[in-house]
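Undergrad: Residue numbers (my numbering), protein chains in the order written: chain A, 4 to 114; chain B, 93 to 206.
After the structure tokens below, expect a handful of questions from me.
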Amino acid sequence: SQQGEEDPQALSIQEGENATMNCSYKTSINNLQWYRQNSGRGLVHLILIRSNEREKHSGRLRVTLDTSKKSSSLLITASRAADTASYFCATDSAGANNLFFGTGTRLTVIP
Amino acid sequence: DTGVSQDPRHKITKRGQNVTFRCDPISEHNRLYWYRQTLGQGPEFLTYFQNEAQLEKSRLLSDRFSAERPKGSFSTLEIQRTEQGDSAMYLCASSLQGAIEKLFFGSGTQLSVL
Chain A
4 SQQGEEDPQA LSIQEGENAT MNCSYKTSIN NLQWYRQNSG RGLVHLILIR SNEREKHSGR
64 LRVTLDTSKK SSSLLITASR AADTASYFCA TDSAGANNLF FGTGTRLTVI P
Chain B
93 DTGVSQDPRH KITKRGQNVT FRCDPISEHN RLYWYRQTLG QGPEFLTYFQ NEAQLEKSRL
153 LSDRFSAERP KGSFSTLEIQ RTEQGDSAMY LCASSLQGAI EKLFFGSGTQ LSVL
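This is the structure:
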């Protein structure tokens, strides 16, 4: 079974708008990461947030983490058509040596 | 190209046949992971290696699945007696030791079992 679930499953927005995706997970974590996957390709690491952090920024990306609610959100500001992809959260736990991925949010940015 | 390389990109096989996939990680990465991804789902962890040692294999889907990394460089994933339910994308990733924090993925092998 997978650790996380993303919400919404699919999101369609106009270019220039902001996109927000949410991730919920089940157990205590060390780190939470977000990955992006273009159709038919491998995943690309976007950003990592540690369990003792609450917010992190990288370019147009903003990630928040609420460990009390076991949830995270990814905000992409000023979206571009090239941001069209699936986005996955992934978590690792103490003593674990692998990542558990969520079910993903499929983002479509309309030019 | 210094990224993770997987071969073949696509594989079509008949039910009951054996298939083998290859993964070449980034050269300085000593950790190598295999994941499976079905349509509309996130990657599902299968197994991982640190150098040539397979440190976690309890999540391999059945005894028909096996993986090797004989010299601590490239890895192979074999599926014996394939079933239609094995149809999926098989992804390989690598990382530096202690760096579960960031995995580098290959483009995957798409398996179709007819």
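The C-beta atom is built at its ideal place from N, Cα and C for all residues, glycine as well.
Could you check whether Ile16 of chain A and Val112 of chain A sit closer than 8 Å to each other, using their CB atoms as the reference points?
TA: Counting from one through the first sequence, the residue named residue 112 of chain A turns up at place 109. Counting from one through the first sequence, the residue named residue 16 of chain A turns up at place 13. Yes, these two residues count as a Cβ contact at 8 Å.
Undergrad: Between Leu14 of chain A and Thr108 of chain A, what straight-line distance do the alpha-carbon atoms span, to the nearest angstrom?
TA: As a first step, residue 14 of chain A is located in the first sequence; it is residue number 11 there, counting from the start. As a first step, residue 108 of chain A is located in the first sequence; it is residue number 105 there, counting from the start. Leu14 of chain A and Thr108 of chain A: Cα-Cα distance of roughly 7 Å.
Undergrad: So, is Lys106 of chain B buried or exposed, given that buried needs 16 or more other C-beta atoms within 10 angstroms?
TA: Walking along the second sequence from the start, residue 106 of chain B turns up at place 14. Per the 10 Å Cβ criterion, exposed.
Undergrad: With DSSP as the reference, label Ala84 of chain A as helix, strand or coil.
TA: Reading the first sequence from its first residue, position 81 is the one you call residue 84 of chain A. In this structure, Ala84 of chain A counts as helix in the three-state DSSP scheme.
Undergrad: Straight-line CA distance for Leu188 of chain B to Pro117 of chain B?
TA: Counting from one through the second sequence, the residue named residue 188 of chain B turns up at place 96. Counting from one through the second sequence, the residue named residue 117 of chain B turns up at place 25. Going from the Cα of Leu188 of chain B to the Cα of Pro117 of chain B covers about 10 Å.
Undergrad: Quick check: what's the CA-CA separation for Pro100 of chain B versus Cys92 of chain A?
TA: Taking the second sequence and counting its residues from 1, the one referred to as residue 100 of chain B is at position 8. Taking the first sequence and counting its residues from 1, the one referred to as residue 92 of chain A is at position 89. Rounded to the nearest angstrom, the two C-alpha atoms are 27 Å apart.
Undergrad: Straight-line CA distance for Thr174 of chain B to Leu46 of chain A?
TA: Working through the second sequence from its first residue, we reach residue 174 of chain B at position 82. Working through the first sequence from its first residue, we reach residue 46 of chain A at position 43. So the alpha carbons of these two residues sit roughly 25 Å apart.
Undergrad: Spatial neighbours of Ile79 of chain A within its chain, please: CB distance less than 7 Å, with the 5 preceding and 5 following residues excluded, ordered by chain position.
TA: Translated into positions along the first sequence, residue 79 of chain A becomes position 76. Hits under 7 Å: Asn21, Ala22, Arg63, Leu64 and Asp86.
Undergrad: Classify Gln109 of chain B as helix, strand or coil using the three-state DSSP reduction.
TA: Numbered from its first residue, the second sequence carries residue 109 of chain B at position 17. Coil at Gln109 of chain B, not helix or strand.
Undergrad: Since Leu102 of chain A meets chain B, which of its residues come closer than 9 Å, beta carbon to beta carbon?
TA: Translated into the one-based positions of the first sequence, residue 102 of chain A becomes position 99. What Leu102 of chain A touches in chain B: Tyr125, Tyr127, Pro135, Phe137, Ala185, Ile192 and Leu195.
Undergrad: Determine the closest residue to Met181 of chain B out of B:Leu138, B:Gly95, B:Gln142 and B:Leu124, with distance taken between C-alpha atoms.
TA: Locating residue 181 of chain B in the second sequence gives position 89, where the first residue counts as 1. The shortest Cα separation from Met181 of chain B among B:Leu138, B:Gly95, B:Gln142 and B:Leu124 belongs to B:Leu138.
Undergrad: Tell me whether Gly7 of chain A sits in a helix, a strand or coil according to DSSP, three-state version.
TA: On the first sequence, position 4 is the one that residue 7 of chain A refers to. It is a strand residue.
Undergrad: By the 8 Å beta-carbon criterion, what residues does the stretch 40–58 of chain A contribute toward chain E?
TA: Annotation note: the requested chain E is absent from the structure, which comprises protein chains A and B.
Undergrad: Would you please state the rounded distance, in angstroms, between the beta carbons of Arg123 of chain B and Glu144 of chain B? I believe it to be under 8 Å.
TA: By one-based count along the second sequence, residue 123 of chain B stands at place 31. By one-based count along the second sequence, residue 144 of chain B stands at place 52. Arg123 of chain B to Glu144 of chain B, Cβ: 12 Å. No contact.
Undergrad: Quick one: grab the DSSP three-state call for Gln12 of chain A.
TA: Counted from its first residue, the first sequence places residue 12 of chain A at position 9. Note: Gln12 of chain A maps to coil in three-state DSSP.
Undergrad: Sort out for me which residues DSSP pairs Ile118 of chain B with in a bridge.
TA: The residue labelled residue 118 of chain B in the question sits at position 26 within the second sequence. DSSP output for Ile118 of chain B lists no bridge partner at all.
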